[in-house]
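**Q** One structure follows; several queries about it will come next.
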Amino acid sequence: MNLASYADLAIDLVNTRRPQEDDLSDLEGLRSLLAHRPHLGGRIAHRDLDAMRELRAQLHAIFAAAARGDEEGAVDRLNTLLIHHPVHPQLARHDGQGWHLHFNESGSIPDRYAARTAMGLAAKIASQGVDRLGLCRGEDCERVFFDTTANRSRRYCSDRCAGRPSVTAACSPSAPRVSAPARDGGQ
Ligand SMILES: [Zn+2]
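Counting from 1, one number per residue, gives the positions in the sequence shown under the UniProt record's numbering.
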């Protein structure tokens, strides 16, 4: 299992908020965020929505600190998250798979989400560095991403924010993809 893959949960959650729109404005939004995460299913209540929004703010602060070069600040915040949401690993075997790790099968959905996310981000940072965490510099954009460029030069969440609508993307079919589909807020 690639622990760092859980870090994508952070991107998914933080990018639910955009200047004119908030995907977590109601329970339906939270359901859709969790829809493709079978280990994060279950009944949800309004207090879960509040907790997820709080977690979103904490994760955003980690990315913001990293983006301004405050590595200690980013790591301190993440370490705090790790303390508050410890993972409870268990080995499991099912559906023809070999033994593999499961995390936090019980507890509230925000707790499970937070534990996986914190662990994923920690693994990501440990293996690739704090400076992989980016915050879009686009006007009014608060989206976050992982910078996978060789020289850590990514500044924007999408070509749209970079002000390069299609020319660059058209140069190569393998032009850098954004980590999350560009779901534009305002038209
Ligand atoms: Zn952006």
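Glycine included, each C-beta is placed from N, C-alpha and C at the ideal position. Because the structure is a prediction, the values reported are computed rather than measured.
Does ligand 1 have a heavy atom nearer than 7 Å to the CB of Ser158?
**A** Indexing the sequence shown from 1 puts residue 158 at position 158. Ser158 Cβ: within cutoff of ligand 1.
**Q** Can you list, in chain order, the stretches of the beta strand (DSSP E) that have 3 or more residues and sit fully within the UniProt domain "Zinc finger CGNR" (132 to 169)?
**A** Whole beta strand (DSSP E) segments, 3+ residues: 133 to 135 and 144 to 146.
**Q** Could you check how far apart the C-beta atoms of Ala115 and Pro86 are, in whole angstroms? I think they sit under 8 Å.
**A** Sequence index remark: in the sequence shown, residue 115 carries index 115 (1-based). Sequence index remark: in the sequence shown, residue 86 carries index 86 (1-based). About 7 Å; that satisfies the 8 Å criterion.
**Q** Using only the alpha-carbon positions, how far apart do Leu34 and Glu142 sit?
**A** Taking the first residue of the sequence shown as position 1, residue 34 is located at position 34. Taking the first residue of the sequence shown as position 1, residue 142 is located at position 142. Taking the straight line joining both Cα atoms gives about 21 Å.
**Q** Secondary structure at His84, three-state DSSP: helix, strand or coil?
**A** As a position in the sequence shown, residue 84 is number 84, starting the count at 1. Residue state, collapsed to three classes: helix.
**Q** Among Gln90, Gly107, Ser108 and Ile109, which has the Cα closest to the Cα of His100?
**A** Against the sequence shown, residue 100 aligns to sequence position 100. Closest option to His100, Cα to Cα, is Gln90.
**Q** Can you tell me which of His36, Asn79 and Ser25 puts its alpha carbon nearest to the alpha carbon of Leu121?
**A** Within the sequence shown, residue 121 is the residue found at index 121, counting from 1. Ranking the options by Cα distance to Leu121, first place goes to Asn79.
**Q** Comparing C-alpha positions only, which one of Gly96, Gln97 and Ala92 sits nearest to Phe103?
**A** Numbered from 1 along the sequence shown, position 103 holds the residue referred to as residue 103. For Phe103, the nearest C-alpha among the options comes from Ala92.
**Q** So is Ser25 buried or exposed if we call it buried at 16+ other beta carbons inside 10 Å?
**A** Here residue 25 corresponds to residue number 25 of the sequence shown, with the count starting at 1. Looking at its Cβ environment, which holds fewer than 16 other Cβ atoms inside 10 Å, Ser25 is exposed.
**Q** Which term fits Ala182, buried or exposed, when burial requires 16 or more other beta carbons within 10 angstroms of its beta carbon?
**A** Stepping through the sequence shown from its first residue, residue 182 is reached at position 182. Unreliable placement is indicated for Ala182, whose pLDDT of 44 sits below 50; no coordinate value is reported for it.
**Q** Would DSSP call Leu55 helix, strand or coil?
**A** Taking the sequence shown and counting its residues from 1, one reaches residue 55 at position 55. Note: Leu55 maps to helix in three-state DSSP.
**Q** Can the beta-carbon of Arg56 be found less than 8 Å from the beta-carbon of Ile44?
**A** In the sequence shown, residue 56 corresponds to position 56, counting from 1. In the sequence shown, residue 44 corresponds to position 44, counting from 1. Contact: no.
**Q** Could you check whether the region 62 to 71 touches the region 128 to 138, counting it as contact only if at least three pairs of C-beta atoms, one from each stretch, sit closer than 8 Å?
**A** Verdict: yes, contact present.
**Q** Can Leu40 and Ala10 be called in contact, C-beta distance under 8 Å?
**A** For the purposes of this step, residue 40 is identified with residue 40 of the sequence shown, where counting begins at 1. For the purposes of this step, residue 10 is identified with residue 10 of the sequence shown, where counting begins at 1. Contact flag unset, no.
**Q** Measuring only the C-alpha atoms, how far is Asp111 from His84?
**A** If you number the sequence shown from 1, residue 111 lands on position 111. If you number the sequence shown from 1, residue 84 lands on position 84. Rounded to whole angstroms, Asp111 to His84 spans 9 Å at the Cα level.
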